[in-house]
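There are 2 protein chains.
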Amino acid sequence: MTTPLKLDRLRVVLVTPHNPLNLGAAARAMSNFGFSHLRVVNPYDVAFRTARSAVGAAKVLTDAQEFPSVAEAVADCTLVVGTTAVRHRELHHPLQRLEYGARQIRKQLTSSPVALLFGSEKVGLSNEDLSHCHWLMRVPAYGDQISMNLGQAVAVCLYELIRKGRTPSTRAKEKLATSGKTELITRNLLDALQTSGYVKPGASSAAEEKLRRLIRRHNMAAPDAELWLGMLRQILWKVKSSPTG
Amino acid sequence: MTTPLKLDRLRVVLVTPHNPLNLGAAARAMSNFGFSHLRVVNPYDVAFRTARSAVGAAKVLTDAQEFPSVAEAVADCTLVVGTTAVRHRELHHPLQRLEYGARQIRKQLTSSPVALLFGSEKVGLSNEDLSHCHWLMRVPAYGDQISMNLGQAVAVCLYELIRKGRTPSTRAKEKLATSGKTELITRNLLDALQTSGYVKPGASSAAEEKLRRLIRRHNMAAPDAELWLGMLRQILWKVKSSPTG
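Chains A and B are the protein sequences, given in the same order. Going by numbering that gives the first Met the number 0, the first sequence wraps up at 244, each residue one higher than the last. Going by numbering that gives the first Met the number 0, the second sequence wraps up at 244, each residue one higher than the last.
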């Protein structure tokens with residue numbers, strides 16, 4: 000027995016795209032393969048307006064949602080996957096080959112929304128962007144080739160996702176925490192750590208990313224996340240109400 | 000036991016490409032996935048020169064070979080595969096899904112050169128172009144979506160080809176006829192048919208394509224092609240030397 004792939008549960012998230020042609024190409028690949036939810040984080044403003052208003056712009060593009068941060072763009076997703084072509088970069092995340100990663104994404108899509116992140120044309124995803132991801136997927140490249148262009152990377156990843164139009168039926172799965180919830184946990188935890196002096200004010204950005212990855216690695220079920228939030232809020236109230244120094 | 004995929008045996012053939020950005024994107028996808036032989040048939044001249052001379056143009060592009068016809072561009076290949084995204088067009092060829100077609104191409108690459116044809120951005124491959132193909136491969140598209148852009152179509156097809164880096168070892172295969180030889184057979188046969196009055200002068204283009212498909216369907220071994228050529232030349236000499244009317 001097979002479950003149909005829920006294409007409308009995938010959010011393709013382009014982080015700070017610069018080139019309107021790439022935006023258009025990404026949208027075109029999406030509609031070509033049957034995906035509809037495009038989210039754009041902090042786009043280079045002129046590029047986004049140009050691409051959107053182009054004659055014959057895909058409906059996917061005119062319907063695209065804009066977000067000021069990755070955190071907000073992935074808040075409703077239970078799985079956040081980053082894409083990378085770089086092989087020599089030091090990564091803090093598990094890295095999956097495209098075909099295996101796509102299989103996991105298909106499985107997750109049967110029950111809840113998944114975000115697939117693509118970085119900007121020049122620099123890819125930043126460490127801050129990556130810290131929102133559960134794991135990374137590598138777009139294959141040969142030897143020391145530079146990365147693909149954005150439209151092609153989107154096309155290849157989406158093609159792999161729809162390559163088999165069905166996935167094996169999965170057991171009734173436990174409901175996973177949304178990224179909005181895990182992000183709340185991260186922030187409460189960070190706040191608690193800063194307030195308590197564990198994290199130095201100057202080092203907070205690296206610490207935040209490290210924490211975020213930690214929480215994502217736990218792959219929390221939704222009720223567990225609620226439990227964590229309750230606990231952290233209590234801790235936070237306590238550390239904030241205690242006298243300094 | 001597995002045989003390594005011979006990427007350098009694939010010829011990516013772009014037929015009358017118009018847009019320099021697409022040429023650049025196709026070349027980039029090729030080098031990204033490890034392919035090196037780009038052939039361009041009858042390109043829109045300015046586009047080809049522009050793409051070729053672009054700063055940072057891929058080596059694949061500067062090394063690209065130019066041909067005046069599809070026949071010449073595929074002459075050294077034993078398998079010629081056309082790509083199409085269109086589903087409603089009436090086709091005279093077997094049509095393969097991308098994943099199955101790629102498997103056959105990989106198998107053929109272990110022994111001899113294969114051409115993969117992509118049509119122009121607007122109209123795809125013409126019937127004349129298609130008549131040089133043994134079969135067609137469909138780049139998947141959702142519902143009634145228009146075709147992908149050329150760079151993305153090339154990227155997706157090449158990705159599927161390298162998706163598994165190896166193919167099962169094949170038995171020692173019989174050597175197949177090159178497209179140069181099968182084209183010679185086609186032309187000799189057509190000449191013979193025209194001279195003998197079977198093909199009307201006005202109907203020769205459709206007849207030529209029909210013949211070409213016929214010969215390709217036979218999937219001839221190299222020695223058989225030689226035999227055919229010998230026979231046809233003899234026939235041709237005969238029909239030409241007999242008095243008209």
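Cβ coordinates follow ideal geometry from the N, Cα and C atoms, glycine included.
For residue i, which residues in chain A fall below 8 Å Cβ to Cβ?
{"i": "Gly-100 (chain B)", "result": "Within 8 Å Cβ-Cβ: nothing; Gly-100 (chain B) doesn't reach chain A, min ~13 Å."}
Identify, in the order they occur along the chain, each residue of the same chain with its Cβ nearer than 6 Å to the Cβ of residue i, setting aside the five sequence neighbours on each side.
{"i": "Ala-171 (chain B)", "result": "Bear in mind that the predicted position of Ala-171 (chain B) carries a pLDDT of just 40, short of 50, making it unreliable; the figure below should be weighed with that in mind. None."}
{"i": "Ala-154 (chain B)", "result": "Ala-28"}
{"i": "Ala-72 (chain B)", "result": "Val-12, Arg-38, Val-40, Phe-66"}
{"i": "Met-219 (chain B)", "result": "Ala-176"}
{"i": "Trp-305 (chain B)", "result": "Nothing about residue 305 (chain B) can be read from this structure; chain B reaches only from 0 to 244."}
{"i": "Pro-111 (chain A)", "result": "With the sequence shown as reference, residue 111 (chain A) is identified as Ser, and Pro is not the correct amino acid for it. So the list reads Thr-77, once near-sequence residues are dropped."}
{"i": "Ala-221 (chain A)", "result": "Lys-174, Ala-176"}
{"i": "Ala-63 (chain B)", "result": "Leu-37, Val-39"}
{"i": "Pro-42 (chain A)", "result": "Pro-16"}
{"i": "Arg-251 (chain A)", "result": "Past the boundaries of the shown model lies residue 251 (chain A); chain A is included only from 0 to 244, so the question cannot be answered."}
{"i": "Lys-180 (chain A)", "result": "Ala-224"}
{"i": "Asp-128 (chain A)", "result": "Val-14, Val-69"}
Assign residue i to one of three DSSP states: helix, strand, or coil.
{"i": "Thr-83 (chain B)", "result": "strand"}
{"i": "Leu-9 (chain B)", "result": "strand"}
{"i": "Tyr-36 (chain B)", "result": "It should be noted that the sequence gives His, not Tyr, for residue 36 (chain B). Reduced to three states, the DSSP call for His-36 (chain B) is strand."}
{"i": "Leu-135 (chain B)", "result": "strand"}
{"i": "Ser-130 (chain B)", "result": "coil"}
{"i": "Ser-119 (chain A)", "result": "strand"}
{"i": "Leu-175 (chain B)", "result": "strand"}
{"i": "Arg-162 (chain A)", "result": "coil"}
{"i": "Leu-188 (chain A)", "result": "helix"}
{"i": "Leu-94 (chain A)", "result": "strand"}
{"i": "Ala-63 (chain B)", "result": "coil"}
{"i": "Leu-4 (chain B)", "result": "coil"}
{"i": "Ala-114 (chain B)", "result": "strand"}
{"i": "Val-73 (chain B)", "result": "coil"}
{"i": "Val-155 (chain B)", "result": "helix"}
{"i": "Val-45 (chain B)", "result": "helix"}
{"i": "Val-14 (chain A)", "result": "strand"}
{"i": "Gln-233 (chain B)", "result": "helix"}
{"i": "Leu-210 (chain B)", "result": "helix"}
{"i": "Cys-50 (chain A)", "result": "A small fix is needed here, since residue 50 (chain A) is Ala in this sequence, not Cys. The answer is helix: DSSP assigns Ala-50 (chain A) an H, G or I state."}
{"i": "Thr-169 (chain A)", "result": "Caution applies to Thr-169 (chain A), whose pLDDT of 34 falls short of 50 and renders its modelled position unreliable; the model cannot decide the point."}
{"i": "Leu-78 (chain A)", "result": "strand"}
{"i": "Ala-28 (chain B)", "result": "helix"}
{"i": "Ala-220 (chain B)", "result": "strand"}
{"i": "Lys-199 (chain A)", "result": "coil"}
Spatial neighbours of residue i within its chain, please: CB distance less than 7 Å, with the 5 preceding and 5 following residues excluded, ordered by chain position.
{"i": "Ala-50 (chain B)", "result": "Pro-19, Leu-22, Gly-23, Ala-56, Leu-60"}
{"i": "Gly-164 (chain A)", "result": "Confidence is the limiting factor: at Gly-164 (chain A) the pLDDT is only 43, short of 50, which leaves the residue's position unreliable, though a coordinate-based value still follows. Around Gly-164 (chain A): Leu-4."}
{"i": "Val-45 (chain A)", "result": "none"}
{"i": "Leu-157 (chain A)", "result": "Ala-28, Met-29, Phe-32, Phe-34"}
{"i": "Leu-97 (chain B)", "result": "Met-136, Arg-137, Val-138, Pro-139, Cys-156, Glu-159"}
{"i": "Asn-126 (chain B)", "result": "Glu-208"}
{"i": "Asp-190 (chain A)", "result": "Leu-235"}
{"i": "Gly-118 (chain B)", "result": "Val-14, Leu-124, Asp-128"}
Might you give, ordered along the chain, the residues of its own chain that have their beta carbon closer than 8 Å to the beta carbon of residue i, omitting 5 neighbours on each side?
{"i": "Glu-120 (chain B)", "result": "Pro-16, His-17, Asn-18, Asn-21, Asn-148, Leu-149"}
{"i": "Ser-195 (chain A)", "result": "Val-238"}
{"i": "Ser-30 (chain A)", "result": "Ala-57, Lys-58, Val-59"}
{"i": "Gly-201 (chain A)", "result": "none"}
Residue i versus chain B: which residues are under 7 Å apart at the beta carbon?
{"i": "His-155 (chain A)", "result": "Correcting the residue type first, residue 155 (chain A) is Val in the shown sequence and not His. Residues of chain B passing the Cβ test: Ala-154, Val-155, Tyr-158."}
{"i": "Gln-151 (chain A)", "result": "Ala-24, Ala-28, Gly-150, Gln-151, Ala-154"}
Which chain B residues sit within Cβ distance under 9 Å of residue i?
{"i": "Arg-162 (chain A)", "result": "Leu-97, Glu-98, Pro-139, Glu-159, Arg-162"}
Below 8 Å on the Cβ atoms is my guess for residue i versus residue j; work out the distance and round it to an integer in Å.
{"i": "Val-12 (chain A)", "j": "Ala-114 (chain A)", "result": "5 Å"}
{"i": "Gly-123 (chain A)", "j": "Thr-83 (chain A)", "result": "6 Å"}
{"i": "His-131 (chain A)", "j": "Val-80 (chain A)", "result": "About 10 Å; that fails the 8 Å criterion."}
{"i": "Arg-137 (chain B)", "j": "Leu-94 (chain B)", "result": "6 Å"}
{"i": "Arg-216 (chain A)", "j": "Leu-160 (chain A)", "result": "In fact, because the Cβ distance is near 23 Å, the residues do not count as touching under 8 Å."}
{"i": "Arg-212 (chain A)", "j": "His-91 (chain A)", "result": "6 Å"}
{"i": "Ala-101 (chain A)", "j": "Ser-178 (chain A)", "result": "Not quite, the Cβ-Cβ distance comes to about 20 Å (not below 8 Å), so this is no contact."}
### Query
Which residues, taken in chain order from the region 119-133 of chain A, show a beta carbon closer than 8 Å to some beta carbon of chain B?
Within the region 119-133 of chain A, no residue has a Cβ that lies closer than 8 Å to any Cβ of chain B.
### Task
Can you give me, in chain order, the residues of the region 24-48 of chain A that have a beta carbon less than 8 Å from any beta carbon in chain B?
From the region 24-48 of chain A, only Ala-24, Arg-27, Ala-28, Ser-30, Asn-31, Phe-32, Gly-33 have a Cβ closer than 8 Å to chain B.
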